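Written out below as structure tokens is the structure these notes cover.
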Amino acid sequence: MRIPLSPLHACVFEFVRYLNEQNVVEDKVEFIPYVLQHINNKVHLQGRVWDATDRSLAAWMELPQEFHNKTAGEMLRVVMDPWIALLKADFERGMAEVIDFVELIMSQTNQYDQSFTDLVLQTMHFSNSKWVTVQRGLSRIIDVAAKTLGPSCIFRNAPVSEIYELPDGKLELGIGGIAPTKRVFDKVVLAVSPAAIQQGIRTRPKWSYMKERAIQAIHEGPLYKIGLHFQTRFWEHTAEPCFGGQTQTDFRIRWIVYPSNYIGSHKSGCLMVYAGMTDALRWSWTTHQERVKLVMEDLNTFFSPQGVDIYVQFIEAFDMHWPSEAGGGNTMYLPGQYSRFHDVI
Numbered sequence: 001m002r003i004p005l006s007p008l009h010a011c012v013f014e015f016v017r018y019l020n021e022q023n024v025v026e027d028k029v030e031f032i033p034y035v036l037q038h039i040n041n042k043v044h045l046q047g048r049v050w051d052a053t054d055r056s057l058a059a060w061m062e063l064p065q066e067f068h069n070k071t072a073g074e075m076l077r078v079v080m081d082p083w084i085a086l087l088k089a090d091f092e093r094g095m096a097e098v099i100d101f102v103e104l105i106m107s108q109t110n111q112y113d114q115s116f117t118d119l120v121l122q123t124m125h126f127s128n129s130k131w132v133t134v135q136r137g138l139s140r141i142i143d144v145a146a147k148t149l150g151p152s153c154i155f156r157n158a159p160v161s162e163i164y165e166l167p168d169g170k171l172e173l174g175i176g177g178i179a180p181t182k183r184v185f186d187k188v189v190l191a192v193s194p195a196a197i198q199q200g201i202r203t204r205p206k207w208s209y210m211k212e213r214a215i216q217a218i219h220e221g222p223l224y225k226i227g228l229h230f231q232t233r234f235w236e237h238t239a240e241p242c243f244g245g246q247t248q249t250d251f252r253i254r255w256i257v258y259p260s261n262y263i264g265s266h267k268s269g270c271l272m273v274y275a276g277m278t279d280a281l282r283w284s285w286t287t288h289q290e291r292v293k294l295v296m297e298d299l300n301t302f303f304s305p306q307g308v309d310i311y312v313q314f315i316e317a318f319d320m321h322w323p324s325e326a327g328g329g330n331t332m333y334l335p336g337q338y339s340r341f342h343d344v345i
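Everything in the sequence shown is counted per UniProt numbering, starting at 1 for the first residue and increasing by one.
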């Protein structure tokens, strides 16, 4: 996971700064650079491997002449940059085969059927040149926050299924788990997806019509991620090693993400495979064993020409699928939903 160094995420860094001030040195959260793109990252299309910045790819894909000698990123920025410039200045005011090509390289299958607003915001998000992640994993932020709050102030791995408004204006939460309990709070912030509110919290107050409508209607896209543990960081020892970054493919796995933690070390390593939208839906019906088998087949197709036997390297795999019905992995507004629901929700 990664965090961009942008004003929109300033609250995250302020929160971590506060946590580090409250804890001893060994419990501090350490940010390290996150490599979003590396010079040796490749693109795998139609059985061939390309440099991500190869300007001949558009012509080889038989796009119209006016798009030749341009990368997918450049095509996207031509459309998005004027809108992003307006948003950066004042955030408050501020062809089909070509679209398919840009979507294939820059995004997930069918994501460009979502709202234009959502695509502008996503492009603006990823236009940040500097990113960070957390040494030893982003879960360190949660662990340190829990320790700072103390066990009497936090419940972990216990779902909230009930919210009651009390006569004195306070709120009572019904917390499930092995030992169900109830706790009273002055205020409650629901930092969860609309689907989790609708499906997971069985008893709660009714809010305004538009807020209830937003909870019911906001579209959330499915997401699939699998982490594969290998004996070595073999992707850092090929003829063209990748020290972070990602590879886009037209395989079933779509995106291969190289870790930014422990770059250059002699430890074992993990590769991440991401798929979103329609690509993610197609992973949901198979068993875990079948999913791992399919992922390994695609990884082998990509790495075997580089002299890597990934089957010998493989240790274990862990995957997660966030279906849109259960909250999704990404909020992907449908056309018109941003202006209708964002402020309301």
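Just so it is clear, CB atoms sit at the ideal spot from N, CA and C, and this is done for glycine as well. Values in this document were obtained by computation on a predicted structure and should not be read as measured data.
beta-carbon residue i near the ligand PLP non-hydrogen atom, thresh 7 Å
| i | result |
| --- | --- |
| Thr249 | Of ligands this structure carries none, so the ligand PLP is not represented either. |
N-terminal and C-terminal residue of the alpha helix (DSSP H) that residue i is part of
| i | result |
| --- | --- |
| Arg340 | Gln337 to Phe341 |
| Tyr209 | Tyr209 to Ala217 |
| Ile141 | Ser139 to Leu149 |
| residue 348 | Nothing about residue 348 can be reported from this structure: the residues present for the chain run from 1 to 345 only. |
| Gln198 | Pro194 to Gly200 |
Status (buried if at least 16 other CB within 10 Å, exposed otherwise) for residue i
| i | result |
| --- | --- |
| Glu62 | exposed |
| Arg291 | buried |
| Gln46 | exposed |
| Trp322 | buried |
| Pro222 | buried |
| Cys242 | buried |
| Trp235 | buried |
| His38 | buried |
| Val257 | buried |
| Gly150 | exposed |
| Lys293 | exposed |
| Met95 | Since pLDDT at Met95 reaches only 46, below the 50 mark, its modelled position is unreliable, and no value is offered. |
| Asn330 | buried |
| Gln199 | exposed |
| Asp168 | exposed |
| Cys11 | exposed |
| Ala179 | exposed |
| Gly264 | exposed |
Beta-carbon proximity list for residue i, same chain, < 6 Å, skipping 5 on both sides
| i | result |
| --- | --- |
| Val344 | Met210, Lys211 and Ala214 |
| Glu316 | His229 |
| His9 | Ile3 |
| Asn69 | Arg55 |
| Lys182 | Glu172 and Gly174 |
| Glu30 | Gln135 |
| Val188 | Leu171 |
Run of the beta strand (DSSP E) containing residue i, from where it starts to where it stops
| i | result |
| --- | --- |
| Ser161 | Val160 to Glu165 |
| Tyr224 | Leu223 to Phe230 |
| Asp319 | Phe314 to Trp322 |
| Lys187 | From DSSP, Lys187 is part of no beta strand (DSSP E); its letter is neither H nor E. |
| Thr133 | Trp131 to Val134 |
| Leu334 | It is not in any beta strand (DSSP E) - Leu334 carries neither H nor E in the DSSP assignment. |
Distance between beta carbons of residue j and residue i, contact taken as under 8 Å
| i | j | result |
| --- | --- | --- |
| Ala239 | Gln306 | 7 Å |
| Lys147 | Asn23 | 7 Å |
| Gly176 | Ser161 | 5 Å |
| Phe341 | Ala191 | Going by Cβ atoms, the distance from Phe341 to Ala191 rounds to 17 Å, so no, they are not a contact pair. |
| His288 | Asp319 | 7 Å |
| Gly227 | Met272 | 5 Å |
| Arg252 | Asp298 | 6 Å |
| His219 | Met332 | 6 Å |
| Asp279 | His44 | Their Cβ separation, rounded to whole angstroms, is 15 Å, which puts Asp279 and His44 out of contact at 8 Å. |
Same chain, Cβ closer than 7 Å to residue i, five either side skipped, listed in chain order
| i | result |
| --- | --- |
| Asp186 | Lys170 |
| Asn41 | Ala52, Cys242, Gly245, Gln246 and Thr247 |
| Leu138 | Met1 |
Cut-off 8 Å between Cβ atoms - residues of its own chain near residue i, not counting five sequence neighbours on either side
| i | result |
| --- | --- |
| Arg2 | Tyr34, Leu36, Trp131, Val132, Thr133 and Ser260 |
| Asn128 | Pro4, Leu5 and Ser6 |
| Ile197 | Leu190, Arg204 and Ile215 |
| Lys206 | Glu212 |
| Pro159 | Ile175, Gly176, Gly177 and Gly200 |
Any chain B beta carbon closer than 8 Å to residue i
| i | result |
| --- | --- |
| Ile178 | Within the model displayed, chain B is absent; a lone protein chain is all it includes. |
Beta strand (DSSP E) runs wholly inside the stretch 19-73, at least 3 long, in chain order: 31-34, 42-45 and 48-51
Would you mind listing the alpha helix (DSSP H) stretches within the stretch 238-301 that are 4+ residues and don't spill past its ends, in chain order? 277-281
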